[in-house]
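Everything on this sheet refers to the single structure shown next.
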Amino acid sequence: MATSTPTPERLADIRENLATMRSRMQQASARSQVQPAPTCRLVAVSKTKPAADIMAAYECGERHFGENVQELVEKAALLPKDIQWHFIGSLQSNKCKALAAIPNMYAVETVDGKKKADALQKACQGRETPLRVFVQINTSGEESKSGISPAECVDTIKHIQDSCPLLNAVGIMTIGSPDHDPSAGPNPDFMAVKDQLGLDLELSMGMSDDFEHAIELGSTNVRLGSCLFGARAKKATGQ
Numbered sequence: 267m268a269t270s271t272p273t274p275e276r277l278a279d280i281r282e283n284l285a286t287m288r289s290r291m292q293q294a295s296a297r298s299q300v301q302p303a304p305t306c307r308l309v310a311v312s313k314t315k316p317a318a319d320i321m322a323a324y325e326c327g328e329r330h331f332g333e334n335v336q337e338l339v340e341k342a343a344l345l346p347k348d349i350q351w352h353f354i355g356s357l358q359s360n361k362c363k364a365l366a367a368i369p370n371m372y373a374v375e376t377v378d379g380k381k382k383a384d385a386l387q388k389a390c391q392g393r394e395t396p397l398r399v400f401v402q403i404n405t406s407g408e409e410s411k412s413g414i415s416p417a418e419c420v421d422t423i424k425h426i427q428d429s430c431p432l433l434n435a436v437g438i439m440t441i442g443s444p445d446h447d448p449s450a451g452p453n454p455d456f457m458a459v460k461d462q463l464g465l466d467l468e469l470s471m472g473m474s475d476d477f478e479h480a481i482e483l484g485s486t487n488v489r490l491g492s493c494l495f496g497a498r499a500k501k502a503t504g505q
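Our numbering puts the sequence shown at residues 267 to 505.
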């Protein structure tokens, strides 16, 4: 992996971007429809970004970073151990062991069913503390998105609480429709998740394009990538 030391110019860019996003998050919280407004965590989505970018954000006080499996394993071995890693990619049963082996894994945000929860529970044998998980809900019913239906949410969380002692079901996660216009009213995807909260759970919803709207509706965890680090590089054809 390339050097993890950011250039002064890159450090300055990321510092400015982080400050801007944190300010916008605070302003959105002040407009929240949920009062008192919950504290919202910023997860810096560093997928495909070099370790130097992560270290630039780290030097600016950021500690929560979102990754996929392969990059997460590589970066976790190289970077500071007080980083709190979030797995935000599609969860595959055969990758659970690799995730569970990372000591400073903060949360797996994409548990999309009881079978995945069971696989992760099995992989967590030997962990010192239970692994935080978010249950992913597909609120729009789009086939391109992972996640269980809203109707399955409570039953899945109950299964984790009752049958997966090495997991800690801390919240639910969804990805909002990318073409929703907030001026037309609340995003129905976010509202569908918000309506599930008969339980005391975190809400992971909101990305670079819609995080302010998500915070206004009570999100406690937003995943910001392009607005911090720039657009992700496109995969080469055939990959």
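Quick reminder that beta carbons are idealized off the backbone N, C-alpha and C, glycines included.
Straight-line measurement puts the Cα of Leu338 at about 20 Å from the Cα of Met439.
Unbroken alpha helix (DSSP H) runs of no fewer than 4 residues, entirely contained in the stretch 306-364, are found at 317-325, 335-344, following chain order. Contact between the stretch 483-494 and the stretch 300-317 is present: three or more C-beta pairs spanning the two stretches fall below 8 Å. The beta carbon of Trp351 lies closer than 7 Å to those of Phe331, Glu333, Leu338, Ala342, Ile368, Asn370, Met371, Tyr372 in the same chain, with the five residues before and after it left out. In the DSSP assignment, the residues bridged to Ser470 are Met439, Asn487.
Leu433 is a Cβ neighbour of Pro396, given a cutoff of 7 Å. One alpha carbon belongs to Ile403, the other to Glu325, and they sit about 34 Å apart. Within its own chain, the residues whose Cβ lies closer than 8 Å to the Cβ of Ile354, once the five positions on either side in sequence are excluded, are Val309, Val311, Lys313, Gly332, Glu333, Asn334, Glu375, Thr376, Arg489, listed in chain order. Per DSSP, the continuous alpha helix (DSSP H) segment holding Thr286 begins and ends at 274-296. Your pair Phe477 and Ile280 does not check out as a contact, with CB atoms roughly 17 Å apart and the cut at 8 Å. Non-local beta-carbon contacts of Glu328 in its own chain, meaning distances under 8 Å to residues more than five positions away in sequence, involve Leu284, Leu308, Ala310 in chain order. Residue state for Leu386 is assigned as helix, using DSSP reduced to three classes.
Glu394 carries a coil assignment under DSSP once its states are collapsed to helix, strand and coil. For Ala373, the enclosing beta strand (DSSP E) covers residues 371-377. Of the candidates Cys430, Asp348, Thr286, Lys411, Asp348 places its Cα closest to the Cα of Ile320. Val300 carries a coil assignment under DSSP once its states are collapsed to helix, strand and coil. According to DSSP, residue pairing for Ile403 in a beta bridge involves Ile414. In the three-state DSSP reduction, Leu433 falls in the strand class (E or B). The Cβ-Cβ distance between Ser359 and Ala385 falls below 7 Å. Distances from the CA of Ala322 to each of Lys381, Val401, Thr271, His425 were compared; the closest alpha carbon is that of Thr271.
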